[in-house]
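S.K.: Just dropping this structure here.
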Amino acid sequence: IHYDRIGGRDAADRVNADFPDVIEIWNNVFIQFNREVDGSLRELPNQHVDTGMGFERLTSILQNVDSNYDTDVFLPLFAKIQELTGAPAYSGKIGAEDAAQNYRDMGYRVVADHIRTLCFAISDGAHPSNDGRGYVLRRVLRRAVRYGRQNLGAQLGFFAKLVPTVVELMGGFYPDLVTKQVEVTRVILEEEESFSATIDKGIKLFNDLAAKALASSTPTVFSGDDAHKLFTSNGFPVDLTQLMAEEKGLVLDVKRFEEKMAEEKLLSQEDYKRKKAGGSGGKNMAMEAEQTSHLLKTLHVKPTDDAAKFEWDLALTDCRLEAIYLGRGETPDGIGFVDTVTPDSETGELVVGLILNKSSYYAESGGQIYDVGTIVVSGHTVSITSVQSYGGFVLHVGTLNFNPSSSTGKLSVGDVGTCHVDYTRRTSIASNHTMTHVLNHGLRKYCISSKNPQIDQKGSYNDDSKLRFDFSYNGPIPPQSLSDVEQYCNTSISAKLAVECKVEKLEDAQQLSTVRAVFGETYPDPVRVVSIANTSISDMLQAPESKEWMEYSVEFCGGTHLSNTSDAQALVIVSEEGIAKGIRRITGITRQAAVDATNRGETLTLLVADAKQLTGAALEAEVKRLGAEVTVAIISTVTKTKLKTQLQSYSKTILAWKKEQAAQRVKSILATATAPTTTSNVVCRYDFGTDGKTAKTVMTQYQKQFQKPLLMISADETANRFLVFCVTPKGCAKEQKVNCKAWAAAATEGTNGKGGGKADTAQFTVEGLEKLDGVLEKARAF
3 IHYDRIGGRD AADRVNADFP DVIEIWNNVF IQFNREVDGS LRELPNQHVD TGMGFERLTS
63 ILQNVDSNYD TDVFLPLFAK IQELTGAPAY SGKIGAEDAA QNYRDMGYRV VADHIRTLCF
123 AISDGAHPSN DGRGYVLRRV LRRAVRYGRQ NLGAQLGFFA KLVPTVVELM GGFYPDLVTK
183 QVEVTRVILE EEESFSATID KGIKLFNDLA AKALASSTPT VFSGDDAHKL FTSNGFPVDL
243 TQLMAEEKGL VLDVKRFEEK MAEEKLLSQE DYKRKKAGGS GGKNMAMEAE QTSHLLKTLH
303 VKPTDDAAKF EWDLALTDCR LEAIYLGRGE TPDGIGFVDT VTPDSETGEL VVGLILNKSS
363 YYAESGGQIY DVGTIVVSGH TVSITSVQSY GGFVLHVGTL NFNPSSSTGK LSVGDVGTCH
423 VDYTRRTSIA SNHTMTHVLN HGLRKYCISS KNPQIDQKGS YNDDSKLRFD FSYNGPIPPQ
483 SLSDVEQYCN TSISAKLAVE CKVEKLEDAQ QLSTVRAVFG ETYPDPVRVV SIANTSISDM
543 LQAPESKEWM EYSVEFCGGT HLSNTSDAQA LVIVSEEGIA KGIRRITGIT RQAAVDATNR
603 GETLTLLVAD AKQLTGAALE AEVKRLGAEV TVAIISTVTK TKLKTQLQSY SKTILAWKKE
663 QAAQRVKSIL ATATAPTTTS NVVCRYDFGT DGKTAKTVMT QYQKQFQKPL LMISADETAN
723 RFLVFCVTPK GCAKEQKVNC KAWAAAATEG TNGKGGGKAD TAQFTVEGLE KLDGVLEKAR
783 AF
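All you need for this note's numbering is the position in the sequence shown, starting with 1, plus 2.
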């Protein structure tokens with residue numbers, strides 16, 4: 003939908019022709035077909051209309067101005083930007099006119115537009131980070147900061163100071179901007195400060211690289227390698243580098259940049275593919291719209307009934323085989339489906355994907371890994387190694403092992419079989435998933451503060467070995483708070499709380515005061531509610547807004563869970579770490595692994611406490627041994643931190659002992675050096691190794707206390723080398739003074755000794771103890 007600002011004419015020829023008087027204000031896209039490689043159109047399984055109106059463009063029409071930036075949506079922001087930066091007022095220039103003033107007006111537009119974007123996104127729960135939508139926000143912020151600094155002359159912190167103006171303009175229509183203003187300001191300021199630490203250095207590096215490009219044999223191209231360097235070392239998003247390059251008259255080699263990024267991602271992508279393939283023998287077993295459309299419209303297969311995935315200890319019978327999938331590109335039509343499969347002539351095995359009319363398998367979803375097990379069809383066994391859901395079709399991927407004694411030597415669509423889920427493995431997964439809910443609640447209970455007024459889930463992963471939970475949090479969790487969370491989780495296990503899963507109307511469930519939901523997640527209606535409490539969901543819904551329910555964990559969740567927290571046995575938090583700006587990750591274990599970790603932690607605690615009774619070398623050796631054990635031990639991170647702190651306190655005792663030992667050693671060395679002698683200088687041997695620090699201490703003290711020049715040799719038999727050092731005391735008689743550098747050099751001549759010195763002190767190291775006696779002789783003869 004286009005609007006003609008002049009009106010009263012036929013302006014059809016000016017539509018989409020880049021005329022400023024005819025602008026598009028509304029867009030409706032009818033999503034119906036997918037264009038194939040050969041140009042043909044294939045109807046999509048789902049059709050819809052994508053519609054969107056341009057708010058700022060409509061505003062410009064209603065206010066009768068030529069540009070979005072001339073409306074009252076932006077003008078107050080421009081005024082604030084001018085106030086903060088001291089730059090000349092916005093003048094609406096573009097192109098060459100703006101270039102002549104260092105793209106100042108472009109800076110105004112970028113900063114104003116981007117601060118609005120960030121305020122809305124962060125108040126909605128998104129955060130700048132290094133991946134996904136979070137990285138989009140980080141790119142937007144860094145682009146704005148760069149324009150503010152380089153084109154408007156802004157100082158550090160200017161960008162965050164624009165938040166109140168956005169709140170004042172839009173807060174009346176978007177209440178979250180008001181309630182979360184402090185949080186939004188904090189996040190933006192932290193990101194601004196973080197980028198400011200590298201932006202000046204990055205701009206200088208860019209200018210150097212751009213100058214190099216302009217002076218090269220291809221003076222119009224900015225290297226993709228250089229763009230990658232700016233990205234990895236200075237955090238410059240590639241679109242920012244591309245923009246800066248264009249301002250210099252350069253074109254970024256995007257292809258080379260993408261190649262460099264692809265090289266970095268290759269290994270992780272391969273790992274991900276292997277995980278999703280689930281033992282697919284290298285075949286691409288993922289399904290896309292082409293496959294799901296084929297199932298629906300060509301094969302007339304209905305989505306899988308997987309309601310039995312919430313059942314336990316069930317051998318689900320009468321499962322009809324609706325489709326057999328060999329993988330994309332594995333059949334002549336490329337789609338991948340066949341009606342019948344027979345055994346491989348060599349191995350008798352075949353990787354297949356089975357789609358059944360019903361299934362008791364849990365398909366990977368919501369951060370929970372898939373079930374594994376077997377499916378027996380017509381006497382043949384398929385060992386299931388991956389289960390994924392595509393458009394409601396549950397695909398069971400595994401290795402088909404044909405049974406030679408079966409009445410049929412093939413597997414065909416229409417055959418009937420039985421699902422056998424590995425429920426022992428699922429119990430471990432369910433334990434980790436249930437305790438992730440408890441952990442989430444514990445974080446809200448013990449870690450909310452003025453610095454972190456809200457904690458939001460940012461991701462999770464549960465398999466049979468661990469739980470992993472990502473959440474928004476500014477800085478590391480204080481040790482005591484982390485200890486409180488871990489203790490709360492174990493108290494919840496001891497309390498034997500019931501875990502109830504119930505489907506409720508979404509509108510009703512959302513009224514519960516304690517309910518936790520993931521930002522950006524779309525939930526079905528009705529929705530599955532999982533509560534961990536000593537009261538029922540039905541009772542909670544009788545008074546949904548009651549603050550009493552805040553003591554319990556209630557979440558929307560489609561995963562499998564324990565029936566009682568006691569089945570988790572124990573929970574141990576094995577790590578707590580930052581994975582992105584403002585995002586922390588907790589990894590934990592449950593059941594026997596947690597019990598073992600707890601026992602190991604208690605054992606190490608006793609051993610570390612017992613070490614306090616030791617002294618000297620015995621204490622040093624024990625602290626070194628225990629330090630190594632604690633570092634690699636799978637124990638509570640709370641316990642690990644305490645043990646490391648305790649071992650560190652022992653280090654002070656060890657240091658004092660070492661200082662005492664060093665003092666005694668120096669005293670003994672000096673006693674040897676000052677033994678009565680009739681010669682004008684002293685040449686002697688005292689073995690204390692090749693510690694240069696000890697030698698320096700000896701030389702310093704000898705210079706202050708004694709009169710004769712000294713050359714001493716100390717051997718290290720283990721390393722098969724020896725140290726030669728010499729010193730002339732400051733009070734030495736003039737006729738007795740020796741040039742130490744010359745003395746040491748003469749003594750070590752022909753030994754390939756390495757070292758040096760000055761007239762009053764010198765030090766050399768010689769490899770090979772067989773040379774020692776010769777050095778002594780030369781030293782005495784000097």
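A virtual CB, placed ideally from N, CA and C, is assigned to each residue, including glycine.
What you are looking at is a predicted structure, and each value in this text was computed from that prediction instead of being measured.
(1) Can you tell me which of the three DSSP states I83 falls into?
(2) Taking only the alpha-carbon atoms, compute the straight-line gap between T676 and V625 and give it to the nearest angstrom.
(3) For H116, name the three-state secondary structure that DSSP assigns.
(4) According to DSSP, is R627 helix, strand or coil?
(5) In angstroms, rounded to a whole number, what distance separates the CA positions of R276 and D133?
(6) Can you look up P711 in the DSSP assignment and give me helix, strand or coil?
(7) With DSSP as the reference, label H129 as helix, strand or coil.
(8) Going by C-alpha distance, which of Q615, N286, T607 is nearest G629?
(9) Can you give me the C-alpha to C-alpha distance between N403 and E578, rounded to a whole angstrom?
(10) Taking the beta strand (DSSP E) that N464 belongs to, which residues open and close that run?
(11) For A247, does the count of other Cβ atoms within 10 angstroms reach 16, so buried, or fall short, so exposed?
(12) Using alpha carbons as the reference points, say which of D202, D255, G618, D373 lies closest to S235.
(13) Within its chain, find whatever has a CB closer than 7 angstroms to the CB of G560; leave out the 5 residues flanking it on each side and keep chain order.
(14) Kindly indicate the opening and closing residues of the alpha helix (DSSP H) around I520.
(15) With a threshold of 7 angstroms on Cβ separation, who are the neighbours of Y274 within its own chain once the five nearest residues in sequence on each side are excluded?
(16) Whole angstroms is fine: what's the gap from S655's alpha carbon to G603's?
(17) Classify S388: buried if its beta carbon has 16 or more other beta carbons within 10 angstroms, exposed otherwise.
(18) May I have a chain-ordered list of the alpha helix (DSSP H) segments no shorter than 4 residues that lie completely inside the segment 580-635?
(19) Using only CA atoms, which one of L120, P305, N434 lies nearest to I588?
(20) For P47, name the three-state secondary structure that DSSP assigns.
(21) By DSSP, does I201 sit in helix, in strand, or in coil?
(22) Under 6 angstroms Cβ to Cβ from G770, same chain only, skipping five residues before and after it: list those, please.
(23) Roughly how many angstroms lie between the CA atoms of C503 and S565, to the nearest whole one?
(24) Would A746 and F724 be called neighbours here (beta carbons separated by less than 8 angstroms)?
(25) Among the candidates I479, R141, D466, whose CA atom is the shortest distance from the CA of I450?
(26) Taking only runs of the alpha helix (DSSP H) that begin and end inside the segment 383-463, which ones reach a length of at least 4 residues, in chain order?
(27) Helix, strand or coil: how does DSSP classify H4 here?
(28) From K163 to L120, what distance separates their C-alpha atoms?
(29) What is the DSSP secondary structure of D52, counted as helix, strand or coil?
(30) Return the Cβ separation of V303 and E332 in integer angstroms, given the expectation that the two are a contact with Cβ distance under 8 angstroms.
(31) CA-CA distance, E226 and H116?
(32) Pop quiz: I357 and G375 are said to be a contact at Cβ under 8 angstroms. What is the actual Cβ separation, rounded to whole angstroms?
(33) Beta strand (DSSP E) containing D472: first to last residue?
(34) For L242, tell me which candidate among L46, R148, R16 has the shortest Cα-Cα distance.
(35) Buried or exposed: where does I591 fall if 16 or more other Cβ atoms within 10 Å of its Cβ makes it buried?
(36) Throw me the rounded Cβ distance for the V75 and E58 pair, which I believe falls under 8 angstroms.
M.R.: Checking against the coordinates, here is how it stands:
(1) Three-state result, I83: helix.
(2) Going from the Cα of T676 to the Cα of V625 covers about 37 angstroms.
(3) Note: H116 maps to helix in three-state DSSP.
(4) R627: helix per DSSP, three-state reduction.
(5) Annotation note: pLDDT 49 at R276 (below 50); position unreliable, coordinate value reported separately. Cα to Cα, R276 sits roughly 21 angstroms from D133.
(6) Of the three classes helix, strand and coil, the one that applies to P711 here is coil, per DSSP.
(7) Look at H129 here: in three-state DSSP terms it is coil, with no helix or strand label.
(8) For G629, the closest alpha carbon among the candidates Q615, N286, T607 is that of T607.
(9) Cα-Cα distance, rounded: 43 angstroms.
(10) Taken as a continuous stretch (DSSP letters only), the beta strand (DSSP E) holding N464 covers 459-464.
(11) Classification of A247: buried, given that the 10 Å Cβ count is 16 or more.
(12) Here the closest residue by C-alpha is D202.
(13) Only S367, G368, R530 meet the Cβ criterion.
(14) Note on identity: in this sequence residue 520 is Val, with Ile being the wrong assignment. Run containing V520: none; DSSP gives neither H nor E here.
(15) For Y274, the predicted structure reports a pLDDT of 48, less than 50, and the residue's modelled location is therefore unreliable. A value from the coordinates is still provided. The beta carbon of Y274 lies closer than 7 angstroms to none in the same chain, with the five residues before and after it left out.
(16) The sequence given here places Thr at residue 655; Ser does not occur at that position. T655 and G603 have their C-alpha atoms roughly 24 angstroms apart.
(17) So S388 ends up on the buried side.
(18) Within the segment 580-635, the runs of alpha helix (DSSP H) at least 4 residues long that lie entirely inside it are, in chain order, 593-612, 618-634.
(19) With distances taken between Cα atoms, I588 lies closest to N434.
(20) In this structure, P47 counts as strand in the three-state DSSP scheme.
(21) Note: I201 maps to helix in three-state DSSP.
(22) For G770, where only same-chain residues beyond five positions count, there are no Cβ hits under 6 angstroms.
(23) Computed Cα separation, rounded: 9 angstroms.
(24) No, they are not a contact pair.
(25) The alpha carbon of I450 has as its nearest neighbour, out of I479, R141, D466, the alpha carbon of I479.
(26) Counting whole runs of 4 or more residues, the segment 383-463 contains the alpha helix (DSSP H) stretches 425-448.
(27) Three-state DSSP puts H4 in a strand.
(28) In a straight line, the C-alpha of K163 is about 13 angstroms away from that of L120.
(29) Looking at D52 - three-state DSSP - the assignment turns out to be strand.
(30) Taking the Cβ atoms as the reference, V303 lies roughly 18 angstroms from E332, outside the contact range of under 8 angstroms.
(31) It is worth fixing the name first, because residue 226 is Gly in this sequence and not Glu. The straight-line gap from Cα to Cα measures roughly 26 angstroms.
(32) Between I357 and G375, the beta carbon gap of about 16 angstroms keeps them out of contact (Cβ cut-off 8 angstroms).
(33) Per DSSP, D472 is one residue of the beta strand (DSSP E) stretching across 469-474.
(34) It is R148 whose Cα lies nearest to the Cα of L242.
(35) So I591 counts as buried.
(36) In this structure V75 is in contact with E58, their Cβ atoms being roughly 6 angstroms apart against a cut-off of 8 angstroms.
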